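Enquirer: Each protein sequence line maps, in turn, to chains H and W.
With this note's numbering, the residue at position 98 of the first sequence is 88, and numbering never jumps.
With this note's numbering, the residue at position 229 of the second sequence is 219, and numbering never jumps.
For each residue, glycine too, the CB sits at the ideal point set by N, CA and C.
In this text, all values refer to a predicted model and were calculated from it rather than measured experimentally.
Protein chains: 2
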Amino acid sequence: MLFLNKSEIQKLDQNIIQTSVKKAYEIASSKDYNMPDRMHLSDGLNSLLLMPCFSGQYFATKLVSVFPEAVKHGQPSVNGVLVLSDNISGKPLAVMDGAAITAQRTGAVGGLAVKLLSPEKVRAAGVLGAGVQGFSQARYLMFNRRIETLYLYDLNPQMVENMIGKLKQEFYGVEYVISRTAEELVEKSRVIIAATTSHSPLFKAKPESLKRKTFISIGSYRPDMQEFPDVVIESADDVFVDTVFAIEESGDIVIPLKKRVAIREKIKEFSILLEKNTYDDNKTIFFKSVGMGLFDLTVSSAIYEIALKKKIGHLIDF
Amino acid sequence: MLFLNKSEIQKLDQNIIQTSVKKAYEIASSKDYNMPDRMHLSDGLNSLLLMPCFSGQYFATKLVSVFPEAVKHGQPSVNGVLVLSDNISGKPLAVMDGAAITAQRTGAVGGLAVKLLSPEKVRAAGVLGAGVQGFSQARYLMFNRRIETLYLYDLNPQMVENMIGKLKQEFYGVEYVISRTAEELVEKSRVIIAATTSHSPLFKAKPESLKRKTFISIGSYRPDMQEFPDVVIESADDVFVDTVFAIEESGDIVIPLKKRVAIREKIKEFSILLEKNTYDDNKTIFFKSVGMGLFDLTVSSAIYEIALKKKIGHLIDF
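1) Could you give the C-beta distance for V112 (chain W) and R202 (chain W), rounded to a whole number, given that I count them as a contact under 8 Å?
2) Within the continuous beta strand (DSSP E) that includes L283 (chain H), where are the two ends?
3) Taking only beta-carbon positions, decide if K81 (chain H) is within less than 8 Å of chain W.
4) Sort W:Y130, W:S169, W:I208 by Cα distance to S188 (chain W) and report the nearest one.
5) To the nearest angstrom, how far is the alpha carbon of R129 (chain H) from that of L107 (chain H)?
6) Where R170 (chain H) and K301 (chain W) are concerned, what is the direct C-alpha to C-alpha distance, given to the nearest angstrom?
7) Whose C-beta lies closer than 7 Å to the C-beta of E59 (chain W) among residues of the same chain, with five residues either side of it excluded?
8) Should the segment 113 to 132 of chain W be called in touch with the segment 26 to 44 of chain W, which here means at least 3 C-beta pairs below 8 Å?
9) Report, in whole angstroms, the separation of the C-beta atoms of I257 (chain W) and V231 (chain W), which I expect to be a contact under 8 Å.
10) With a threshold of 7 Å on Cβ separation, who are the neighbours of I237 (chain H) within its own chain once the five nearest residues in sequence on each side are excluded?
11) Hey, quick one: how far does the alpha helix (DSSP H) through T92 (chain H) stretch, first residue to last?
12) Would you kindly work out how many angstroms separate the C-alpha atoms of S126 (chain H) and K248 (chain W), rounded to a whole number?
13) Assuming the contact rule is C-beta atoms closer than 8 Å, T186 (chain W) and S225 (chain W) should be a hit. Round their C-beta distance to whole Å, please.
14) Can you tell me whether N5 (chain W) is helix, strand or coil according to DSSP?
15) Could you tell me if the beta carbon of F285 (chain H) falls within a distance shorter than 7 Å of some heavy atom in the ligand GTP?
16) Assign K258 (chain H) to one of three DSSP states: helix, strand, or coil.
17) Are the CB atoms of L(-8) (chain W) and G303 (chain W) within a distance shorter than 8 Å?
18) In terms of residue numbering, what span does the beta strand (DSSP E) encompassing A115 (chain H) cover?
19) Comparing alpha-carbon positions, which option in H:V61, H:Q47, H:T96, H:P26 lies nearest L39 (chain H)?
20) Examine chain W for any beta-carbon lying closer than 8 Å to the beta-carbon of I306 (chain H), and answer yes or no.
21) Which bits of chain H does H30 (chain W) rub up against, with CB to CB less than 7 Å?
22) Helix, strand or coil for D242 (chain W)? Go by DSSP, reduced to three states.
23) Roughly how many angstroms lie between the CA atoms of V251 (chain H) and P219 (chain H), to the nearest whole one?
24) Hey, how far is the Cα of F44 (chain W) from the Cα of D87 (chain W)?
25) Are any of the Cβ atoms in chain H nearer than 8 Å to that of T274 (chain W)?
26) Anything in chain H within Cβ reach of L102 (chain W), meaning under 9 Å, just list it in chain order.
27) State yes or no: is the C-beta of M289 (chain H) within less than 8 Å of the C-beta of V73 (chain W)?
28) For F44 (chain W), which of helix, strand or coil comes out of DSSP?
29) What's the C-alpha gap between G101 (chain W) and L192 (chain W)?
30) Determine the DSSP secondary structure at N272 (chain H), reduced to helix, strand or coil.
31) Have a look at E217 (chain H) and V164 (chain H) and give me their C-alpha separation to the nearest angstrom.
32) CB-CB under 7 Å to Q0 (chain H), same chain, minus the five flanking residues each way: which ones, in chain order?
33) If we define contact as Cβ-Cβ less than 8 Å, is V73 (chain W) a contact residue for chain H?
34) By Cβ distance below 6 Å, which residues in the same chain neighbour F308 (chain H) in space, the five residues on each side in sequence not counted?
35) Rounded to the nearest angstrom, what separates Y211 (chain H) and K196 (chain H) at their Cα positions?
36) Contact criterion: CB-CB distance below 8 Å. Does A60 (chain H) meet it with respect to chain W?
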C-alpha cells in the first residue's frame, strides 16, 4: 500500500491534477460512476463526513472530520484521510492526506473555471480568503493565467502575509498586493475567487462595477453561507455550477434564488463548456463549486499512478 | 501517522486484545460511546461497509469491502482498512489492516466467551471452519484454555491442513485432529466454535448429546445464515449475545426464535457476566456474536498505544 502525505501531494504536477478534474466532469456527464450521498455523522459538536465514489478501475472513500474545538488545542479543525481501492478486488491501494487531496482538487476546479471562463490576457486577479483553500486557488489561478498582480484579502492580515510567503516560493515575478478591503480587491481584479467560510457577503457592489468580471465562489457550501452579494449572480450573463447540488447546497445560489426566481434559468452545468465553450470576454460570469466525491476519485487515482511511477511516497507491505 | 499491517497486528500480545474486548463490553454497559449504525453501500455485486465509533480519547472508522468476484482474480473477497483518529482534534493517528483487526477482535470475543463460559479444565475442543476467522478463534481458544486435542472441520480439507500448519508454529504440544464430519467434531468436543459462512446448520444432533457443552457461533451474521441446528439453542440453559442486535441479525437466533418464542427469555447480554459470572460446569451454553464497531475501537486503540510504545509498524510524517 502506498502512503502519500501532504507535502508529497503538494509537490505533484498541477497539470495532472487539473486534467483529472476535467476527467471527473466527463465521467459525470457520461454517468459512468456510482457516488452515494455523502454521509454526515455527528458526535456532539464534531462531525465526520464519509464520501465514497466508485468508477472504472478504482473506488475512493474520503473521511473528513470537522472538530471545531480543535483550534483551542492549537490543532487544525479539519482533517481527512482518503483511501483509494481497487474496484475489481476491493483491495486498498493507497492512503493519502485527505485535506491535501481536497485542497488540490478544489484548487483545480477553480483553475479549470479560470481557464474556461476568463480572458487569456487577464493580468490582475484577486483571492478572498487566505486559508488552505485560498492558497490552493491562488496556485491554480496562476497555473492557468500569467497573473502580474495578485490582490489578496483576509480578515486576518497575518494569514495573507504567510500565504504570500508560500506563493513567492513557487510563483515569482508576481506583484502580491494586500488589499485593505474586499471592495478594493474586487474593483482592481478581473477575476475574483472567494474561498472563505463566510456566512454573509464579503463586499458590497454596484452592478456596473461587476461588468465583464469573472467571479468564482469556492466557500459557501451550505445554504446559510454566502460569499458574494446577490448583485453578482443577478448581474452575471452566465452562471455555472460544478454539480447541480450547488443549487440546493450553496447560499450563494439558494439565497438570491429565493428572492429572484428568474436567476434559475441562467444556471448551467460547467461540464457543457467542455464540449463547446461559449465564453467571450464581454460576459460577466459567476461560477459556483460545491465539490463532489468524483473529483476526489479521479484526482487520487491519477496521483496514485504518477506516485507509483515516480516512486513518490512510502510503499509499505500491507 | 502509524501504519500497521496484518503481520504486525497478528504478532501482538493476545492478552492486550482480549482485555480491550472486555473494555468494550464495559463501555457498552456504561453507554459512554457513540456508534452510528453501520452503513452499507452497494455497487453492483460489491459492497462497502462503513463502521464508525466514537468513545473517549479516540474514534475509529472501519471500511470493509466485500467483492465476491475477487476470488475469480485470485484475490481475497473481503478487505478492510481501519482509520484510528484522535477524538479531541479529529487528527488521524493510525491506519491498520482492517481484516486483521476484525480477525483479532472477533477471535478475542470468542476467547472471552471461552474464558467465562467453559470449564477451566476443558482439554478437547473443536473449531468448525478453517478460514481467517476460524484460525483466529482457534488461537484465542488455546490462549484461554490448555487444549490437548483440537478437532477441526471444514468443507475444504486443504484449508484445515493449512490452518494446522499455522497453528503448530504458535501452539505446539497440541494434537490437531481433522474430523471427518461436523457431527464427529461436536461429539468429541466440550467446546465447539463455529466460524463459517454457512446458510444451513452444520450438523444434526440429539438434545442429550449436547448436554454440558459450550457452543459459540461467530458466523451467521445475517438472518438467512445459520451455523447450529435449532436443537442447540433449545437445549441451552443459557444463551448469551455480544450485542442485542444479534437477536435480529443472526439466523442462529432469528430462525429458532420464529418457531419457539419461549427461547427469547433465555437470551441475555454477555456483559452481565463481567459483573457476576453465573456459569457452572453443568450448564449447556450457547453464545452468539455478531460484533460491533466498539470492539474495533477499543482493540485498535490498544494496538495503537502498544505499537507506539514498542516501535512496531511504520511511523510516517503525515
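Expert: In short:
1) V112 (chain W) to R202 (chain W), Cβ: 11 Å. No contact.
2) Per the sequence presented here, residue 283 (chain H) reads as Gly, with Leu not at that position. Careful: G283 (chain H) lies outside any beta strand (DSSP E), inside the alpha helix (DSSP H) at 283 to 300.
3) yes
4) When each option's Cα is compared against that of S188 (chain W), the closest is W:I208.
5) 17 Å
6) 51 Å
7) L35
8) no
9) Sure, about 6 Å apart at Cβ, within 8 Å.
10) V231, I243, I257
11) First-last of the alpha helix (DSSP H) with T92 (chain H): 88 to 107.
12) 59 Å
13) No, T186 (chain W) and S225 (chain W) are not in contact; Cβ-Cβ is about 20 Å, not under 8 Å.
14) In the three-state reduction of the DSSP assignment, N5 (chain W) falls in the helix class, which pools H, G and I.
15) The ligand GTP is absent from the structure shown, which contains no ligands of any kind.
16) strand
17) yes
18) 114 to 118
19) Answer by Cα proximity: H:P26.
20) yes
21) Residues of chain H passing the Cβ test: none, with the nearest at roughly 10 Å.
22) helix
23) Approximately 16 Å, taken between the alpha carbons.
24) 19 Å
25) no
26) Result: empty, since nearest Cβ-Cβ is about 27 Å, beyond 9 Å.
27) In the sequence as presented, Met is not what sits at residue 289 (chain H); that position holds Val. Cβ atoms of V289 (chain H) and V73 (chain W): not closer than 8 Å.
28) F44 (chain W) carries a strand assignment under DSSP once its states are collapsed to helix, strand and coil.
29) 21 Å
30) In the structure shown, N272 (chain H) sits in coil (DSSP, three-state: anything other than H, G, I, E or B).
31) Rounded to the nearest angstrom, the two C-alpha atoms are 26 Å apart.
32) A90
33) yes
34) Counting only Cβ-Cβ distances below 6 Å, and skipping sequence neighbours, we find M(-9).
35) 25 Å
36) With 8 Å as the cut-off, A60 (chain H) counts as an interface residue toward chain W.
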